[in-house]
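Colleague: Before I ask anything, let me first share the structure, which is written out below as structure tokens.
Numbering (UniProt numbering), first residue to last: 1 to 421.
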């Protein structure tokens with residue numbers, strides 16, 4: 001457990017150190033996301049001089065990682081629900097079922113507002129290996145004049161009916177302005193600091209636009225965006241506007257120094273406000289990976305499949321776009337008394353070529369690269385191994401018997417849906 005307030009310099013320094021140590025994991029996370037969205041860019045280079053080639057192939061993805069992840073998410077996406085075990089007789093049971101359970105099963109979704117925290121987190125959990133979110137109290141939502149007027153009307157009204165109406169208006173206001181905030185957090189931007197009891201501090205490093213920073217009271221001049229650090233421990237949370245980037249102050253001529261965008265304030269949660277959900281753990285390794293998604297063992301095979309099918313498509317497109325090639329024989333044409341040394345090619349007109357015993361003319365296409373005859377067999381081989389590694393699982397989509405464990409999971413899922421109505 002970590003308590004107390006850190007200075008701006010301490011937060012910025014620790015965040016920078018944690019970011020450096022997480023570089024390899026960040027590369028793995030970015031690779032998984034790129035394979036899911038099929039955003040990998042394939043570039044061609046002329047091998048003779050190392051310059052970019054004039055033909056830019058279009059990357060073709062097999063969608064192996066994306067389809068695998070979507071199937072997993074579809075199974076895991078049913079919303080959780082809370083059951084309260086009551087002790088103390090009928091009144092306790094009525095309080096649990098009539099008050100606590102409805103509140104617990106409602107507040108979590110009201111707190112997320114318009115942000116789809118749960119479903120986005122499930123996608124991160126399967127794709128990257130971790131899901132992060134943040135829960136914070138927001139008493140400022142109930143501290144404005146509008147709510148205070150409703151409370152005053154409720155407390156000072158003498159007429160019973162009007163008091164009930166005023167109380168109901170205050171209740172509706174609290175419902176529409178939930179004082180608990182649940183927000184999605186990008187796992188790639190989170191850098192936790194551990195101690196002997198678990199997560200001691202969390203550093204969330206992300207970029208905010210100039211407009212977002214200005215709404216929080218910050219100023220970055222003419223820059224479009226800047227890095228901020230959301231810092232939290234078991235007692236305080238705060239936001240730091242970093243000085244990284246060397247933005248020069250026009251008045252002083254010096255670079256911008258880190259500063260608090262939001263001063264640290266006590267959240268009174270008793271624990272840090274970040275919620276972490278983790279997939280199966282991964283052992284310490286030379287690659288520096290600390291988490292893994294469902295496609296971890298497919299990451300190289302998926303790239304190979306995408307590269308192979310891209311090469312295949314590139315060769316076919318080059319063949320289609322290859323220009324016609326005519327081999328003319330000037331000596332032959334001179335012997336035949338023809339003055340034309342060039343000819344025009346029209347797709348709707350025949351092309352006349354000549355030949356005699358001493359020479360000939362020919363037509364064809366400009367030669368292009370060809371694929372290895374074993375390319376198809378290689379693609380099938382890699383696809384088979386990808387299937388064995390989990391790229392395709394008929395059990396997930398109900399096309400095969402899935403074993404006792406999956407049957408029990410299905411029964412549990414149906415029971416959960418039944419409880420939610």
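C-beta: ideal position from N, C-alpha, C; glycine also.
Let's see if you can read the secondary structure: which residues bound the alpha helix (DSSP H) around residue 374?
Modeller: Premise fails: residue 374 is in no alpha helix (DSSP H) and is neither H nor E.
Colleague: Going by the DSSP bridge assignment, what does residue 199 pair with across the sheet?
Modeller: Residue 199 pairs with 194.
Colleague: In the DSSP assignment, find the unbroken beta strand (DSSP E) run with residue 22 in it and report its ends.
Modeller: Neither: residue 22 is in no beta strand (DSSP E) and is coded neither H nor E.
Colleague: Quick one: using the 10 Å Cβ neighbour count with 16 as the cut-off for buried, is residue 259 buried or exposed?
Modeller: It is exposed - the Cβ of residue 259 has fewer than 16 other Cβ atoms within 10 Å.
Colleague: Determine, using beta-carbon pairs with one atom in the segment 135 to 154 and one in the segment 86 to 106, whether at least three such pairs fall under 8 Å.
Modeller: Result no; under three Cβ-Cβ pairs closer than 8 Å.
Colleague: Could you tell me whether the segment 197 to 214 touches the segment 161 to 175, using the rule of 3 or more Cβ pairs below 8 Å?
Modeller: Result no; under three Cβ-Cβ pairs closer than 8 Å.
Colleague: Measuring alpha carbon to alpha carbon, tell me which of 171, 280, 61 ends up nearest residue 301.
Modeller: That would be 61, whose Cα lies nearest to the Cα of residue 301.
Colleague: Do you know whose CA, among 185, 202, 146, lies nearest residue 176's CA?
Modeller: The candidate whose alpha carbon is nearest that of residue 176 is 146.
Colleague: Please tell me whether residue 274 and residue 228 are closer than 8 Å, where the distance is taken between their beta carbons.
Modeller: Taking 8 Å as the Cβ cut-off, residue 274 and residue 228 do not qualify as a contacting pair.
Colleague: With distance defined between alpha-carbon atoms, name the residue in 38, 111, 318, 336 nearest to residue 174.
Modeller: The shortest C-alpha separation from residue 174 is found at 111.
Colleague: Per the DSSP calculation, residue 238 is bridged to which residue(s)?
Modeller: Looking at the DSSP assignment, residue 238 forms a beta bridge with 231.
Colleague: Return the chain-ordered ranges of every beta strand (DSSP E) run that is complete within the segment 273 to 356 and spans a minimum of 3 residues.
Modeller: Listed in chain order, the complete beta strand (DSSP E) runs (minimum 3 residues) inside the segment 273 to 356 are 274 to 278, 324 to 327.
Colleague: If I follow the unbroken alpha helix (DSSP H) through residue 147, where does it start and stop?
Modeller: Here the alpha helix (DSSP H) through residue 147 covers 145 to 156.
Colleague: Quick one: is residue 324 buried, meaning 16 or more other Cβ sit within 10 Å of its Cβ, or exposed?
Modeller: Answer is exposed; the Cβ neighbour count stays below 16.
Colleague: Work out the CA separation of residue 211 and residue 246 for me, nearest whole Å.
Modeller: Confidence at residue 246 is low in this model, with a pLDDT of 46, below 50, so the placement of that residue should be treated as unreliable; the coordinate-derived value is given next. Approximately 19 Å between the Cα atoms of the pair.
Colleague: For residue 423 and residue 381, which I take to be in contact (beta-carbon distance under 8 Å), what is that distance rounded to the nearest angstrom?
Modeller: A question about residue 423 goes unanswered here, because the residues of the chain that appear run from 1 up to 421.
Colleague: Just checking, does the segment 330 to 348 make contact with the segment 306 to 315 on the three C-beta pairs under 8 Å criterion?
Modeller: Verdict: no, contact absent.
Colleague: Who pairs with residue 7 in a beta bridge, going by DSSP?
Modeller: Per DSSP, none; premise fails for residue 7.
Colleague: Which class does residue 365 belong to by DSSP, given the choice of helix, strand or coil?
Modeller: Residue 365: strand per DSSP, three-state reduction.
Colleague: Quick check on the burial criterion: 16 or more other C-beta atoms within 10 angstroms. Buried or exposed for residue 172?
Modeller: So residue 172 counts as exposed.
Colleague: May I ask you to list the residues that DSSP assigns as paired with residue 206?
Modeller: For residue 206, which the question treats as bridged, DSSP gives the partners 228.
Colleague: From the DSSP output, in three-state form, read off residue 57 for me.
Modeller: Residue state, collapsed to three classes: coil.
Colleague: May I ask you to list the residues that DSSP assigns as paired with residue 260?
Modeller: Per DSSP, 240.
Colleague: Using 8 Å as the cut-off, can you tell me whether the segment 224 to 241 makes contact with the segment 69 to 85, which would need three or more C-beta pairs spanning the two stretches below that distance?
Modeller: No, because fewer than three Cβ pairs between the segment 224 to 241 and the segment 69 to 85 fall closer than 8 Å, the two stretches do not touch.
Colleague: Could you tell me if residue 144 is buried or exposed, where buried requires 16 or more neighbouring beta carbons within 10 angstroms of its beta carbon?
Modeller: Looking at its Cβ environment, which holds fewer than 16 other Cβ atoms inside 10 Å, residue 144 is exposed.
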